[in-house]
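Heads up: the sequence shown runs through residues -22 to -1, 1 to 196, numbered per mature numbering (1 follows the signal peptide of the UniProt record, and there is no 0). Here a beta-carbon is modelled for each residue, glycine too, at the ideal position from N, C-alpha and C. Keep in mind that this is a model prediction, so the values were computed, not measured.
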Amino acid sequence: MKTLSHLILMGAITALATGAFAAEGDPERGAELAAQGDGSGAPCLACHGADGSGNNAGGFPRLAGLDAAYLTRQMLAYNSGERVSPVMQPNIDNFDEQQIRDLAAYYAAMPIPETTTPANVSDEVLALGEKLANQGDWDNYIPPCSSCHGPGNRGVGDTFPAIAGQHPNYIRSQLNAWKSNQRNNDPNQLMTAVAERLTEEQINAVAAYLGSQSATAK
């Protein structure tokens, strides 16, 4: 328990310390890049949509309205191989750092679309997901998502992205990636420490619940 609490504290400190991570990007240039791509693959909007809302069936996340520095860091992680995706890497590997910052600025400036996904699960599963998201499962050393991702799980700074209203299939895939150590670019391995404690049932439940929430509600 002390170790996990320490990780949460260190993650919060990291969030504050990296607030100025991204230099200014040009959203107008970013719009052009999102429509054109990097010249070697599909343009961003082919998967993430013209409005940046993503697609649940394909597991493509919403990008619109996410923090620019967070988006920059994730795209740079794909380019460096720190984060791996057979879909993302071929479509982003020709972008240089400034182009990535431009893309991030473009998506960050977009209005947050309503991406709520109806939860096609039982009330019991949805209740389990709500408990995990907002109260956690402290008997198994699992903190609530909101302890890092903020009130309503709508994100905190450039380290903890908004996950309310994010597509369930994407949330599920990322939790499984952390659980299996296929993704490990989170600050202080905080998400890895949480995901490895989650059961498959809990992963499905919290993904369904978060996906059913509004990304725009206050």
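Check whether residue i and residue j have beta carbons under 8 angstroms apart
i: A12; j: Y84; result: yes
i: L41; j: I78; result: no
i: L110; j: A186; result: no
i: L176; j: N131; result: no
i: P39; j: H145; result: yes
i: A9; j: A46; result: no
i: S18; j: P64; result: no
i: R150; j: N182; result: yes
i: G3; j: A82; result: yes
i: A173; j: L153; result: yes
i: Y148; j: G27; result: no
i: A193; j: I120; result: no
i: C25; j: N33; result: yes
Residue i: first and last residue of the uninterrupted alpha helix (DSSP H) it sits in
i: Q67; result: 66 to 70
i: R51; result: 46 to 58
i: A185; result: 178 to 190
i: L41; result: It is not in any alpha helix (DSSP H) - L41 carries neither H nor E in the DSSP assignment.
i: A24; result: 22 to 26
Per-residue DSSP class, three states only, for residue i
i: D80; result: helix
i: D4; result: coil
i: N98; result: coil
i: N166; result: helix
i: N34; result: coil
Contact belief for residue i with residue j at Cβ below 8 angstroms, rounded distance in angstroms
i: Q191; j: T94; result: 7 angstroms
i: L61; j: N163; result: Correcting the residue type first, residue 61 is Arg in the shown sequence and not Leu. Correct: roughly 5 angstroms between the Cβ atoms.
i: P139; j: L44; result: 6 angstroms
Residue i CB to nearest heavy atom of the ligand GDP below 7 angstroms
i: A105; result: What this structure holds is no ligand at all, so the ligand GDP is not there to describe.
Go through the stretch 117 to 150 residue by residue and report every complete run of the alpha helix (DSSP H) that reaches 4 residues or more, in order. If we require 4 residues or more, the alpha helix (DSSP H) runs fully inside the stretch 117 to 150 come out as 124 to 127.
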